[in-house]
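First the structure, in the form of structure tokens, and then the observations on it.
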Amino acid sequence: MRSSAAKAGVVLSVFLLLAPPLAARASSERLVYDQWMEIEMNGRKIGFSHQEAHETESGYSLNSRSVMKLEVQGTITEISGSETSFLDKSFRPLRFSYVQKMLNHQQFFEGVVEGDKLRVTAESGGNVTKKTVDFGDQVYIADAMGFLLGQKKLEEGMKFQYRVFLEPVLDSETITVEVGKRTELDLDGKREKVLPVTMRFKSFLTVSYVSAAGRIVREISPMGFVSREVDEKRALSFPDQTLSFTTLLSYSLVPLEKPLENPGKITAMEVRISGLASKGLVPEDDRQKIIRESASAPEGGGSVAVELSVAENSASRVRRIDRTAADARFARELAPTIEAQSDDPKIVGRAKKIVGDEKDVYNAAVKINKWVYSNVRKVYTDTFSAVETLKTLEGHCQAHANLFAALAKASGIPTRVAAGIVYSEDFKGFLYHAWPEIYAGEWIAMDPTFGQETADATHIKLMAGDKASQLKLFEFLGKMRLSVLKVER
Numbered sequence: 030m031r032s033s034a035a036k037a038g039v040v041l042s043v044f045l046l047l048a049p050p051l052a053a054r055a056s057s058e059r060l061v062y063d064q065w066m067e068i069e070m071n072g073r074k075i076g077f078s079h080q081e082a083h084e085t086e087s088g089y090s091l092n093s094r095s096v097m098k099l100e101v102q103g104t105i106t107e108i109s110g111s112e113t114s115f116l117d118k119s120f121r122p123l124r125f126s127y128v129q130k131m132l133n134h135q136q137f138f139e140g141v142v143e144g145d146k147l148r149v150t151a152e153s154g155g156n157v158t159k160k161t162v163d164f165g166d167q168v169y170i171a172d173a174m175g176f177l178l179g180q181k182k183l184e185e186g187m188k189f190q191y192r193v194f195l196e197p198v199l200d201s202e203t204i205t206v207e208v209g210k211r212t213e214l215d216l217d218g219k220r221e222k223v224l225p226v227t228m229r230f231k232s233f234l235t236v237s238y239v240s241a242a243g244r245i246v247r248e249i250s251p252m253g254f255v256s257r258e259v260d261e262k263r264a265l266s267f268p269d270q271t272l273s274f275t276t277l278l279s280y281s282l283v284p285l286e287k288p289l290e291n292p293g294k295i296t297a298m299e300v301r302i303s304g305l306a307s308k309g310l311v312p313e314d315d316r317q318k319i320i321r322e323s324a325s326a327p328e329g330g331g332s333v334a335v336e337l338s339v340a341e342n343s344a345s346r347v348r349r350i351d352r353t354a355a356d357a358r359f360a361r362e363l364a365p366t367i368e369a370q371s372d373d374p375k376i377v378g379r380a381k382k383i384v385g386d387e388k389d390v391y392n393a394a395v396k397i398n399k400w401v402y403s404n405v406r407k408v409y410t411d412t413f414s415a416v417e418t419l420k421t422l423e424g425h426c427q428a429h430a431n432l433f434a435a436l437a438k439a440s441g442i443p444t445r446v447a448a449g450i451v452y453s454e455d456f457k458g459f460l461y462h463a464w465p466e467i468y469a470g471e472w473i474a475m476d477p478t479f480g481q482e483t484a485d486a487t488h489i490k491l492m493a494g495d496k497a498s499q500l501k502l503f504e505f506l507g508k509m510r511l512s513v514l515k516v517e518r
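Residue 30 is where the sequence shown starts when you use the working numbering, and the numbers rise one by one after that.
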């Protein structure tokens, strides 16, 4: 059971992509950019990307595609994404469409900029959701960043910032760009002068090497990801054996010096998390409290360390609450989201069948937890939304959490999805994971992936919220270290 370890942070860091066929073009459009790159992780090829840009009357059209292949439970699995976007002459977006696919799972986004708002339509599992997000007039899209840098006259020592919209999470972040000193790279046996360009958002950092022609010839990202420019034939070729998904998971592992015994029985724990970039990153709630926070870590790396106590929710603090009694305090936690479509008729119908006449919030949540655990097959590939999970009845931690959240919200239970780390017996360390929390007098963590009515104390929360909130995971990914100070069973 506990071998089902989590991967929310890994999927975010992979950040792959793509979708619909390339848009039809007028014959007057001029090709101004065409680039193929192969993607490696720790020296092993796992995928490729392709982007081309055309100049149009109103600005530019961009078409991008990325593909990654991994061995998942004995089968080669393809994760792909594609995007078609239209920019004005200042490289700011007018509209875009974005699709991501994994096995038979697919999610589609379409965005149209109207003034300082972005109107988004999302489709997954047959459900269509519309959302409006603040956008502003100084925002670029992540898919256009490489093309934008290539058009800019870069010079050593330049520093500037962009507000960038990250299409897969429907949120924007400030990216800081710094141009380093010119250096040389060996590119297919030839020495070529390049400018290293460091792009940083939160604690996530990539280094792109830009040639004199304005092309990114190599890009290095955390966790061993490297992209390099190649020709089309080489980009499309794959080795006979590819990286396994469990190997990919291991790169995000937070190891321990000594394995934990019977982790599912742990009711309380004290840990020390170090390597953090700043204070205030680790949240507190009803089950998780900060003991102390210091501004220097003797191990090196990040400068902040946190000592944390985590305890399983106590049954004695659970309040009996009528789930049919509306509570305005939890309007956000009861509202449908793109990932947890609690207003979808299929979700509403299933929730009624599961919960029945049960009025109590906690007891109803226990029924939902048991149903999701028993009926959703655990596979390492996640679905993109609750409706899709209900249709396929398969997925990993994010799929379990989203479906639980949708069913619970549809039943009048205030619910949010938490993301963090949990102990894995298979990997003998902590991996990224997602689980739901419901409000019944206090926020109670449940885990439908593991079948736990109250999540054990090895569940350490790093954030809670919708997909956009998961960007906070980049503050921790590949940086934190953890030691266990005390365990209670």
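Every residue gets a Cβ at the ideal spot worked out from N, C-alpha and C, and that includes glycine. Small disclaimer: the values here were computed from a predicted structure and weren't measured.
With a contact defined as Cβ atoms closer than 8 angstroms, VAL283 and PHE459 qualify at about 4 angstroms.
Under the DSSP assignment, TYR391 falls in the alpha helix (DSSP H) whose first and last residues are 390-404. In chain order, LYS98 and THR271 place their CB closer than 7 angstroms to the CB of ILE105, counting only its own chain and leaving out the 5 sequence neighbours on each side. In the DSSP assignment, ILE376 falls within the alpha helix (DSSP H) that extends over 374-384.
Taking the Cα positions, GLN167 is about 13 angstroms away from LYS118. The shortest CA-to-CA distance from LEU132 to any of ASN291, GLU423 and PRO443 is the one to GLU423.
Here VAL246 has LEU214, LEU216, GLU221, VAL223, TYR238, VAL239, SER240, ARG257 and GLU258 as same chain residues with Cβ atoms under 8 angstroms from its own Cβ, once five neighbours each way along the sequence are excluded. In the three-state DSSP reduction, SER512 falls in the strand class (E or B).
When the Cα atoms are used, ALA173 and SER250 turn out to be separated by approximately 17 angstroms. Checking the DSSP bridge columns, you'll see PHE503 has no partner listed. Taken through DSSP and simplified to helix, strand or coil, PRO288 comes out as coil. The secondary-structure analysis by DSSP pairs GLU81 across a beta bridge with ASP63 and ASN92.
Contact between ARG445 and GLY494 holds, with the beta-carbon distance rounding to 7 angstroms and staying under 8 angstroms.
LEU216 has LYS219 as its beta-bridge partners, per DSSP.
Contact check between the region 338-348 and the region 368-378: fewer than three CB pairs, one atom from each, fall below 8 angstroms, which does not count as touching.
Nearest C-alpha to ALA447 among GLN317, PRO288 and ALA344: GLN317. Under the three-state reduction of DSSP, GLY179 is assigned to helix. A direct Cα-Cα distance of roughly 15 angstroms separates LYS188 from GLY179.
In the DSSP annotation of this structure, the continuous segment of the beta strand (DSSP E) that includes LEU123 starts and ends at 122-131. Assigned with DSSP and collapsed to three states, HIS425 falls in coil, not helix or strand. Residue VAL61 holds the alpha-carbon nearest to the alpha-carbon of TYR89 among GLY103, SER95 and VAL61. One thing to note: ASP389 has its Cβ within 8 angstroms of the Cβ of ILE350.
For LEU234, the enclosing beta strand (DSSP E) begins and ends at 233-240. For GLU261, the secondary structure class from DSSP, reduced to helix, strand or coil, is helix. Secondary structure of SER281 (DSSP, three-state): coil. With 16 or more other CB atoms across the displayed protein chains lying within 10 angstroms of its CB, SER281 is buried. Along the region 128-211, the beta strand (DSSP E) occurs as fully enclosed runs of 3 or more residues at 134-143, 146-153, 156-163, 168-170, 188-195 and 200-208, listed in sequence order. Per DSSP, GLU112 is not a residue of any alpha helix (DSSP H); the beta strand (DSSP E) it occupies stretches across 104-117.
Note: VAL101 is bridge-paired with THR104 in the DSSP secondary-structure output. Per DSSP, GLU362 is one residue of the alpha helix (DSSP H) stretching across 360-363.
In the three-state reduction of the DSSP assignment, SER307 falls in the coil class.
Across the structure, GLU143 and LYS181 are spaced so that their CA atoms are roughly 26 angstroms apart.
In this structure, DSSP gives GLU417 a helical state, which the three-state scheme calls helix. Between ASN398 and MET475 a beta carbon distance of about 5 angstroms is seen, short of the 8 angstroms cut, so the two are scored as contacting. CA-to-CA, the gap between LEU436 and HIS462 works out to about 20 angstroms. Membership of ALA463 in the beta strand (DSSP E) is indicated by the continuous run 458-468.
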